[in-house]
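If you count the sequence shown from 1, position 31 lands on 133 in the numbering used here, and the numbers rise without skipping.
Idealized CB from N, CA, C, for every residue including glycine.
Only one structure is covered here, and it is reproduced in the block below.
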Amino acid sequence: MNAATSTSTSTSAPALQTQGLGIRFGAFQAVADVDLVLQPGARQALIGPNGAGKTTLINLLTGVYRPGAGSIRMNGADITALPADRRARLGLARTFQINSLFPSLTPLLSVVLAIHEREGLGATWWRPLRRRSAVFDEAHALLARLRLDALAEVPVAELAYGKQRLLEIALALAARPRILLLDEPAAGVPAGESGELFEVIAELPQDISVLFIEHDMNLVFRFARRISVLVAGRILVEGTPAEIAADPRVREVYLGNTRLHGAAAAKGEGAHV
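Shown next as structure tokens:
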């Protein structure tokens with residue numbers, strides 16, 4: 103029985119696992135032979151230099167791209183051939199480097215519509231939404247978790263960019279995911295706001311497994327429990343933040359020992375994701 107006909111899971115299986123995963127664009131091998139394991143409840147960072155293939159890997163995991171080699175399993179079930187919408191319904195959600203929010207909507211209405219989509223009510227969005235108190239209660243609770251409740255009725259266009267990134271995460275959480283993939287959630291966010299953004303991520307429920315791409319090593323070493331380093335489309339090394347900071351191969355890739363060790367030294371100053 104394949105994943106298209108079965109959604110059975112194993113409690114002991116990794117939340118997400120790839121074996122020999124790869125994709126080629128013409129003569130360019132973008133991702134090659136990637137074995138990645140995301141454990142249940144993980145808080146794992148995916149790092150690497152520009153062009154390493156990080157976003158391409160996320161696109162493979164979410165079904166945007168179909169791999170040329172290898173397999174993807176979610177909670178023990180093979181999802182390699184499933185399209186993106188099927189993976190989303192199984193509990194795999196993501197955010198993107200560039201937000202795609204509707205600037206004229208409010209955060210509250212944005213989340214309400216996302217909940218309606220999850221419940222299969224998207225075609226009835228035009229009906230009086232205020233009559234659906236349970237949906238609005240859930241939306242308010244979700245915004246409160248993301249520290250956006252005070253901004254619930256403010257047009258998205260008027261939100262600070264860091265708050266918009268938080269709203270993206272709220273929309274992803276509205277789908278009630280079991281796995282959340284964050285593609286550079288702090289991209290474009292001022293330094294003063296990025297720490298707050300990751301503190302909110304740190305407060306996400308522990309039954310959600312998180313894999314995030316991030317270039318800011320201070321954020322990575324402060325919040326990740328495990329780090330995977332991708333270089334030229336391949337996993338170079340994977341380990342705890344301390345192991346990654348001490349690995350000479352990683353220091354060579356980043357060419358900035360001070361930067362890497364400084365980030366590692368700052369680890370522990372705040373909450374862990």
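Of the listed residues the options, nearest to residue i (C-alpha basis)
{"i": "ASN152", "options": "ILE315, ARG196 and ALA243", "result": "ILE315"}
{"i": "ILE310", "options": "LEU275, MET319, GLY297 and ALA334", "result": "LEU275"}
{"i": "ALA272", "options": "SER296, LEU203, ALA117 and ASP349", "result": "LEU203"}
{"i": "VAL312", "options": "TYR263, ALA246, ILE160 and SER206", "result": "ILE160"}
{"i": "ILE149", "options": "ALA304, GLU345, GLN308 and GLU286", "result": "GLU286"}
{"i": "ALA183", "options": "PHE198, ASN201, LEU162 and THR197", "result": "LEU162"}
{"i": "VAL322", "options": "LEU284, ILE337 and GLU354", "result": "LEU284"}
{"i": "GLY122", "options": "THR158, ALA115, PRO142 and GLY170", "result": "GLY170"}
{"i": "PRO116", "options": "ALA132, ALA243, ASP137 and GLY124", "result": "ASP137"}
{"i": "SER206", "options": "HIS218, ASP187, THR197 and GLU255", "result": "GLU255"}
{"i": "SER114", "options": "THR120, ARG145, MET176 and THR157", "result": "MET176"}
{"i": "ARG327", "options": "ILE125, THR120, ASP135 and GLN141", "result": "GLN141"}
{"i": "ILE181", "options": "THR164, LEU253, PRO350 and PHE127", "result": "THR164"}
Buried versus exposed, by CB contacts within 10 Å (16 or more), residue i
{"i": "ARG189", "result": "buried"}
{"i": "SER330", "result": "buried"}
{"i": "ARG168", "result": "exposed"}
{"i": "PHE325", "result": "buried"}
{"i": "ARG267", "result": "buried"}
{"i": "LEU118", "result": "buried"}
{"i": "GLN199", "result": "exposed"}
{"i": "SER296", "result": "buried"}
{"i": "GLN308", "result": "exposed"}
{"i": "ALA246", "result": "exposed"}
{"i": "VAL355", "result": "buried"}
{"i": "PRO343", "result": "buried"}
{"i": "PHE130", "result": "exposed"}
{"i": "ARG278", "result": "exposed"}
Residue i - DSSP class collapsed to helix/strand/coil
{"i": "ARG278", "result": "coil"}
{"i": "ASP137", "result": "strand"}
{"i": "VAL355", "result": "helix"}
{"i": "ALA348", "result": "helix"}
{"i": "ALA147", "result": "strand"}
{"i": "LEU250", "result": "coil"}
{"i": "ALA105", "result": "With a pLDDT of 43 at ALA105, under the threshold of 50, the modelled position of that residue is not reliable, and no figure is offered here."}
{"i": "GLN119", "result": "strand"}
{"i": "LEU261", "result": "coil"}
{"i": "PRO142", "result": "coil"}
{"i": "HIS374", "result": "Here HIS374 scores only 45 on pLDDT, less than 50, and its place in the model should not be relied on; the value that follows carries that caveat. DSSP places HIS374 in coil when its eight states are reduced to three."}
{"i": "GLY153", "result": "coil"}
{"i": "SER112", "result": "For SER112, the pLDDT reaches just 45, beneath the cut-off of 50, and the residue's location in the model is therefore unreliable, although a value from the coordinates is still provided. DSSP places SER112 in coil when its eight states are reduced to three."}
Residue(s) in a DSSP beta bridge with residue i
{"i": "LEU162", "result": "None, per the DSSP bridge assignment."}
{"i": "ILE125", "result": "VAL133"}
{"i": "ALA171", "result": "GLY124"}
**Request:** At 4 residues or longer, and completely inside the region 264-341: list those alpha helix (DSSP H) runs for me, N to C.
**Result:** 293-304 and 319-325
**Request:** Could you name each continuous alpha helix (DSSP H) segment of 4 residues or more that falls completely within the region 173-247, going from the start of the chain to the end?
**Result:** The DSSP assignment places 186-191, 209-220 and 235-247 as complete runs of the alpha helix (DSSP H) inside the region 173-247, in order along the chain (cut-off: 4 residues).
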